[in-house]
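Quick notes on the structure that follows.
2 protein chains.
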Amino acid sequence: MSLHPLFLHISEQVAITPDEFVKTLRHFKTVNYPKKSLVIRADEYISHQYFVVSGCLRSFLMDDNQREHTAQFAIENWWVSDFTAYFTGSKSILFVECIEDCELLAIHKSSLDKLYACVPSLEYFFRKKLEKALVALQKRIIANLYKTAEERYHDFLINYPNIEQRVRNYQIASYLGITPESLSRIRKAGMQVNG
Amino acid sequence: MSLHPLFLHISEQVAITPDEFVKTLRHFKTVNYPKKSLVIRADEYISHQYFVVSGCLRSFLMDDNQREHTAQFAIENWWVSDFTAYFTGSKSILFVECIEDCELLAIHKSSLDKLYACVPSLEYFFRKKLEKALVALQKRIIANLYKTAEERYHDFLINYPNIEQRVRNYQIASYLGITPESLSRIRKAGMQVNG
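Protein chains in written order, with my numbering: chain A, -10 to 184; chain B, -10 to 184.
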């Protein structure tokens, strides 16, 4: 029998017993979303964050000209939500859509507080997750300030291994803040360099 | 007698008794840095984060062409460090310099863990600080994807009230990822609109 992906994910950071994991899992709810459906819509209050068991998702902002700007992708073992809305209690500004059929584990804000009381080592786990997320965002901001689009595309491939075949070109381009045409040029140049 | 700025800062988020605050303060060390000095240099291991009691600082990256890119400013009641290096144990990539004479409260990583054991409500306080920092970075990334330089300059003025007179033009421009000339144009246009 294979171990639960959330158990493996938590165990990478903190020691958790099978008994504690059973208690943990009771605070989550399995939800399934078909490809192209929306997990989160803009302009809503958000009380859940989601662990990705299987599938691929994307959070994006739609501007006044109906252009999409990708904030984040999420694949197996990632967490996704509109975290600004989730943490601050403000309305969401992002959409979260399923690029593939998705199986997610949803946890409500209030359940998370109960979970900390029930399995204290998870408070440490979620703090470490926050620190890692902060580091990732800090790196992306600094990269935006001084790296070329080619370099940022290379960073993207490292941060999201094997995701390139799962998402569409315009979605990657809108994550990098460049046009799909620029992305195609970068890819072609890369293929020529790599033979 | 006025209350300690760190006491006021913590009290905004969690209830802390004067006795707990005395215990807390024992984990910090007051450090003074003159204007233009460096608190952190690139390529060093970082074990402290700093609370700003007075003064103004800037963290920046120096690229291979010796150009500076501002990651963050910090004024009174802000926290500053190279957080990527601090959290991950990797070497710093940022410099942190004092734009003015600074009084800081430094806390070592290992002291923070001891502090949590000593004053448990501070674990919650620092988690909330992390969440807020994450929200701020997420907003900046999304703004970079779709807002104009004018709009991002406006966001900067809201995020850092009254800082404009304390820092230099090129430092703000490098935070926004634009040239000092573009920043001057934006400011002139703003003055004309505002009469």
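Built from N, CA and C at the ideal position, the CB exists for glycine as well. Bear in mind the structure is a predicted one, so any value in this text is a computation, not a measurement.
Is there a C-beta anywhere in chain D that falls below 8 Å from the one on residue i?
i, result
"B/E120", "Absent from the structure: chain D. Protein chains present are A and B."
Quick one, which of the options has its alpha-carbon nearest residue i's?
i, options, result
"A/S36", "A/G78, A/S0, A/A178", "A/G78"
"A/S43", "A/L111, A/I161, A/N21, A/Y34", "A/N21"
"A/A122", "A/E1, A/W68, A/D8", "A/W68"
"B/K80", "B/N148, B/P23, B/Y34", "B/Y34"
"A/F49", "A/I82, A/S171, A/K24", "A/I82"
"B/D52", "A/N151, A/L134, A/T168", "A/L134"
"A/P(-6)", "A/R47, A/P23, A/I64", "A/I64"
Going by beta-carbon coordinates alone, are residue i and residue j separated by less than 8 Å?
i, j, result
"B/F62", "A/V124", "no"
"B/F84", "B/A31", "yes"
"A/L146", "A/E139", "no"
"A/H(-2)", "A/N66", "yes"
"B/E86", "B/L27", "yes"
"B/Q2", "B/F114", "yes"
"A/C45", "A/I96", "no"
"A/F(-4)", "A/F10", "yes"
"B/L130", "A/R129", "Residue identity check: residue 130 of chain B is Ile in the sequence provided, not Leu. Cβ distance < 8 Å, so B/I130 and A/R129 count as in contact."
"A/L119", "B/L119", "yes"
Between residue i and residue j, what straight-line distance do the alpha-carbon atoms span, to the nearest angstrom?
i, j, result
"B/V108", "B/I29", "28 Å"
"B/A132", "B/T59", "16 Å"
"A/F40", "B/K117", "21 Å"
"A/V156", "A/A162", "11 Å"
"A/I175", "B/A106", "51 Å"
"A/A178", "B/Y159", "34 Å"
"B/D90", "B/T19", "13 Å"
"B/G166", "A/A4", "42 Å"
"A/K136", "B/K25", "27 Å"
"A/K103", "A/D144", "37 Å"
"A/P7", "A/L101", "19 Å"
"B/N148", "A/R47", "28 Å"
"A/L94", "A/P23", "15 Å"
"A/P150", "A/Y164", "15 Å"
"B/S70", "A/S0", "29 Å"
For residue i, count neighbouring C-beta atoms within 10 Å of its own C-beta (all shown protein chains included) and say buried if the count is 16 or more, exposed if not.
i, result
"A/L(-8)", "exposed"
"A/T13", "buried"
"A/R15", "exposed"
"B/R56", "exposed"
"B/Q181", "exposed"
"A/S99", "exposed"
"A/S173", "exposed"
"A/E112", "buried"
"A/E170", "exposed"
- Message: In chain order, what are the residue ranges of uninterrupted beta strand (DSSP E) at least 3 long that sit wholly in the segment 71 to 145 of chain A?
- Response: 84 to 87, 91 to 97
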